[in-house]
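Trainee: My questions all concern the structure below.
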Amino acid sequence: MNFDDTPQEAAFRAEAKAWITANAPKQYEEELRKSSLGRTVLKGANILEVAKAWQKKKADAGWACLHWPKEYGGRGSSPIERVIWQQEEGPFGKLSGMFIIGHGMCGPTMMAFAGEEQKRKYLPPLASGEKVWCQLFSEPAGGSDVAGLRTRAEKKGDDWIINGQKIWTSGAHYSDYGILLTRTDPTVPKHKGLTMFFLDMKSRGVEVRPIKQASGQSDFNEVYFTDVKIPDSQRLGAVNDGWNVSLTTLMNERMSIGAGVSTGFPELFDFCNSLMLEDGPAIEDRSVRSRLANYAVKASGLRYTSMRAISALSKGERPGPENSIGKLVAGSMVQEVAMYALDLQGAAGVLSGPEDAEVAGKFQAMLLRAPGTRVEGGTDEIMRNIIAERVLGLPGDIRVDKDVPFNKIPTKGRA
Amino acid sequence: MNFDFSDEQKQMRDEARKFLAEKCPPKAVREVLDGKAPYDKALWKGLAEMGFLGVAIPEKFGGAGAGHLELCVIAEEMGRANAPVPFSSTVYLAAEALLLAGSDAQKQKWLPKIASGEAIGTLALFEGKGNPSPKAIKLQASGGTLNGVKKPVPDGAIADFAVVAARTGSTGRDADISLFLVDLKAGGVEVKELTNVDPTRGQAELTFKNAKAEPLGAAGDGWSILTQMLDRAAVLLAFEQVGGSDRALEMGRDYALDRIAFGRPIGSFQAVKHILADMYVSATLARSNCYYGAWALSTNASELPEAAAAARISATQAFQHCSKNNIQVHGGMGFTWEFDCHMYYRRANTTALMLGSLSYWEDQLIDRMRKKNAA
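These protein sequences, in sequence, are chains L and B.
Residue 374 in my numbering sits at position 374 of the first sequence, with consecutive numbering throughout.
Residue 157 in my numbering sits at position 157 of the second sequence, with consecutive numbering throughout.
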């Protein structure tokens, strides 16, 4: 049992570190390091521009999309090299937020289902951050139940005509392309009538409306499609086989381990070290210490769970569904941590202005963003189902609509 | 990075699991639970023959000379089997104390007997309620004899010798405390068995009346040695707790798959699935914290104090969580004497207190993290 790199890993780490030291936008390091969930602000700079510039620099030097093949703009690295890169990139990795969906999900789906010419055309600018992609899956009627979606695609000559609405689309407002899951046959059971496409987000008939979240920010959007035309050549996979195509996407989503989930614990520990309560420093209060210890062992448990997964990668094994743990535990923990940090401030905990609030309102921002992390990319409940079914082998949920034609599934709970 | 046990260590785990499945089925645990024997003597002898009692004891002292990673592996299996033997007190506490602070003669005298199963050892630390603290130690040492009362002492009624924490000074500092070795069969010690929540791990009151004692380690070093002992035992015991957590989870899952209600296995109900998923989560977090503790223990890393506290807290929580929810998943059957769930529930809640309570370790963890931060 050890934490040592193999000689190859050590060589890769040294190379990565040297390049990052020489090239990263260091002027933002401190702000990025301090930024926490719900709050990444770079003073006097447009974060999207900074992020795109860093991505382009990485791509030009061969450090973008490490796990992708070289011919599509990647590096052809092993999974463990990708983890080492993330460790070395440190706070600068926070700049990659806007690319996660494109690089982690859209790209791999294109690789599996697009034509060779398309891959060579679309993937390198995606890898280099020049083009941003989004994933158009969720709908008002299909969140966790993705296959419940209603956006229609109808064949007309060589084109498909799209009508409907998507929701919770991260980054649609700055995306250039998207992958789109549609219903092409409502007369068969829901998983059997779906088809996947990719499209230009600037196409006529695509309308993006940002959603104002509880936090006041707008990371997500509604996207409306009115008679949007997509050529058949932009179909991914066979007609009505969209469910299987989407599984590739979702599987890639869960494979992206090692990214390090935010728990809020380091922030809380620092806060309790500096906060003065009526009777002295918060960290010396017995009940504070007990709460802190409970969060500490969850945070360290997650850290070492991910190290075990990285060890498996290092040995060439593939991590499994057990990695659903990270999002499940961190999601609710960050919410609890935020609530507790406010509680420690007493009545003043309600203040969120950077001047009036403790640590510039960091925990207030975290509080308002946290509910989203428990929902996006699979709710806590879906994560628990995954663990129960795929890790523990318990029976799947009973799905009463499984064999019912989609257009016969009830659409309202109470008439 | 290879943050995992080696293939040889995993092989040892399989061997121990197989051995314990055969020699320590629930029926054997019940013999002790029902009061038919103070511990499972045949199992104890078997563990010695397998080399498990001396796995971390050097060969020159009669052990197998493997190491602490191997001991962690065995500890997990002891917890999984809920073994009714004085393994934790003898191996994690007494043997570790000798390895840490014993003279060559003391090691030569006791370690081979531990490895061969001839001697049971324990730690006499507590004097009534409360957590480990130099202030709480009143038992007096003077002129080579001890006077005072210790309780609860784990496996105190069956132990052959004890490491005893005693007061040798009155400066009000940690240096007032020294450790002693006492041969419990040599006279001067009255033993009273105490009723406790988990009869498969006995507790006793030991009254020392001019009991002969020899110093273990230097005078005044007692508290420092004890702290190290408790950290080492915390990691090892945490592995037992993880073994118990995993077994409780398995029992719950198996029952949920077999038991039919409302026309389907109860494991297909989301409410039940989510209980089991949460058990898996707590057991997994604990296991990962334990691995870090094992690494720190086996390399004697400076991170050991923090790692030990984290492993201890996490594993205590996981075992309590898994054992109580195993009963919940079993429904009414779960709290019958006949089903095995309560054996793990008892063990979880007594193990939780064995080296000081959860809140004690929480306090320790934060202290240690602060020190590291300040350094």
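Note that beta-carbon positions come from the ideal geometry of N, C-alpha and C, so glycine has one too.
Any Cβ of chain L within less than 8 Å of the Cβ of B:I313?
Mentor: Interface residue, yes.
Trainee: Please determine, among B:P58, B:A141, B:G222, B:G331, the residue with the shortest C-alpha to C-alpha distance to B:K209.
Mentor: With distances taken between Cα atoms, B:K209 lies closest to B:A141.
Trainee: Report yes if the C-beta distance between L:A330 and L:F363 is below 8 Å; otherwise report no.
Mentor: In this structure, L:F363 does not lie closer than 8 Å to L:A330 by Cβ.
Trainee: Just curious, the beta strand (DSSP E) that L:N385 is in, first and last residue?
Mentor: Premise fails: L:N385 lies in the alpha helix (DSSP H), 380 to 386, not in any beta strand (DSSP E).
Trainee: Please report the straight-line C-alpha distance between B:I327 and B:K138, rounded to a whole angstrom.
Mentor: The alpha-carbon atoms of B:I327 and B:K138 are separated by roughly 40 Å.
Trainee: Which two residues bound the contiguous alpha helix (DSSP H) that contains L:F269?
Mentor: Segment 265 to 274, the alpha helix (DSSP H) holding L:F269.
Trainee: Check whether the stretch 140 to 151 of chain L touches the stretch 164 to 172 of chain L, counting contact only when three or more Cβ pairs, one atom from each stretch, lie closer than 8 Å.
Mentor: Because the criterion of three Cβ pairs below 8 Å is met, the stretch 140 to 151 of chain L and the stretch 164 to 172 of chain L touch.
Trainee: Can you pull out the residues from the stretch 3 to 16 of chain L whose beta carbon lies closer than 9 Å to at least one beta carbon of chain B?
Mentor: So the close ones are F3, D4, D5, T6, E9.
Trainee: Name the chain L residues that come within less than 8 Å of B:V281, Cβ to Cβ?
Mentor: Those are I325, L328, V329, I387, listed as they occur along chain L.
Trainee: Which same chain residues end up closer than 8 Å to L:W243 when comparing Cβ atoms and leaving out the 5 residues on each side of it in sequence?
Mentor: Excluding positions up to five away in sequence, the list reads A147, H191, K192, L194.
Trainee: My understanding is that B:A186 touches B:V153, with C-beta atoms under 8 Å, so please give their C-beta distance in whole angstroms.
Mentor: Actually they are not in contact, since the Cβ atoms of B:A186 and B:V153 sit about 16 Å apart, beyond 8 Å.
Trainee: State yes or no: is the C-beta of B:R287 within less than 8 Å of the C-beta of B:W361?
Mentor: Against a cut-off of 8 Å, the Cβ pair of B:W361 and B:R287 comes out as no contact.
Trainee: Could you check whether the Cβ of B:E77 sits closer than 8 Å to any Cβ belonging to chain L?
Mentor: Not an interface residue.
Trainee: If we ignore side chains and look at the alpha-carbon of each, how far apart do L:G258 and B:S103 end up?
Mentor: Residue confidence for L:G258 is low, a pLDDT of 43 falling below 50, so the modelled location carries little weight and cannot support an answer.
Trainee: Short check: CB of B:Q320 to CB of B:A277, under 8 Å?
Mentor: Cβ atoms of B:Q320 and B:A277: not closer than 8 Å.
Trainee: Considering only residues of the stretch 200 to 285 of chain B, which uninterrupted beta strand (DSSP E) runs meet the minimum length of 3 residues and lie entirely inside it, listed in chain order?
Mentor: For the stretch 200 to 285 of chain B, whole beta strand (DSSP E) runs of length 3 or above, ordered along the chain, are 203 to 212, 214 to 216.
Trainee: According to a CB-to-CB cut-off of less than 7 Å, which residues of the stretch 328 to 349 of chain L neighbour chain B?
Mentor: From the stretch 328 to 349 of chain L, only L328, V329 have a Cβ closer than 7 Å to chain B.
Trainee: Looking at chain L, which residues of the stretch 1 to 22 of chain B have a Cβ within less than 8 Å of any of its Cβ atoms?
Mentor: Listed by position, the residues of the stretch 1 to 22 of chain B near chain L (Cβ gap below 8 Å) are M1, N2, F3, D4, F5, S6.
Trainee: Which residues in chain B sit within 9 Å of L:S290, going by Cβ to Cβ distance?
Mentor: What L:S290 touches in chain B: L358, S359, E362, D363, I366.
Trainee: Output the residue ranges of the alpha helix (DSSP H) runs that lie fully inside the stretch 313 to 383 of chain L and measure 4 residues or longer, sorted by chain position.
Mentor: Within the stretch 313 to 383 of chain L, the complete alpha helix (DSSP H) runs of at least 4 residues are 324 to 344, 362 to 373.
Trainee: Taking all protein chains shown into account, do 16 or more other C-beta atoms lie within 10 angstroms of the C-beta of L:D403, making it buried, or fewer, making it exposed?
Mentor: Per the 10 Å Cβ criterion, exposed.
Trainee: Could you work out which residue in L:Q55, L:S215, L:G205 is closest to L:K229 when comparing CA atoms only?
Mentor: Of the listed residues, the one whose Cα sits closest to L:K229 is L:G205.
Trainee: Keeping to the same chain, check which residues put their C-beta closer than 7 Å to that of L:Q234; ignore five residues upstream and five downstream.
Mentor: Only F197, F198, L199 meet the Cβ criterion.
Trainee: With 16 other CB atoms within 10 Å as the buried threshold, where does B:D231 fall?
Mentor: That one is buried.
Trainee: If we count the other Cβ atoms within 10 Å of its Cβ and call it buried at 16 or more, is B:P25 buried or exposed?
Mentor: Per the 10 Å Cβ criterion, exposed.
Trainee: Need the endpoints of the alpha helix (DSSP H) that B:Y344 sits in, please.
Mentor: That run of the alpha helix (DSSP H) goes 341 to 351.
Trainee: Among residues of its own chain, excluding the 5 on either side of B:A219, which ones have a beta-carbon nearer than 7 Å to its beta-carbon?
Mentor: So the list reads T168, S178, once near-sequence residues are dropped.
Trainee: Provide the residue(s) that pair with B:A166 in DSSP beta bridges, ordered along the chain.
Mentor: Paired residue(s): B:S178.
Trainee: Are there 16 or more other CB atoms within 10 angstroms of the CB of B:T195, so buried, or fewer, so exposed?
Mentor: B:T195 should be labelled exposed.
Trainee: So for L:F137, helix, strand or coil by DSSP?
Mentor: Here L:F137 sits in coil by DSSP.
Trainee: According to the Cβ coordinates, are L:K298 and B:L93 closer than 8 Å?
Mentor: No, the pair does not count as a contact, with Cβ atoms beyond the cut-off.
Trainee: Just the chain L side, please: which residues come within less than 9 Å of B:K273 by C-beta, in chain order?
Mentor: Here the neighbours are R384, N385, I387, A388, E389, L392, L394, P395, D397.
Trainee: Going by DSSP, what residue range makes up the alpha helix (DSSP H) through B:K113?
Mentor: Run containing B:K113: 104 to 116, per the alpha helix (DSSP H) assignment.
Trainee: Taking the alpha carbon of L:W133 as the point to measure from, which residue in L:H173, L:E154, L:D158, L:K94 has its own alpha carbon closest?
Mentor: Answer by Cα proximity: L:H173.
Trainee: In chain order, what residues of the stretch 336 to 360 of chain B put their CB closer than 8 Å to some CB of chain L?
Mentor: Flagged, chain order: S359.
Trainee: Does any CB atom of chain B fall closer than 8 Å to the CB of L:E139?
Mentor: So, not an interface residue.
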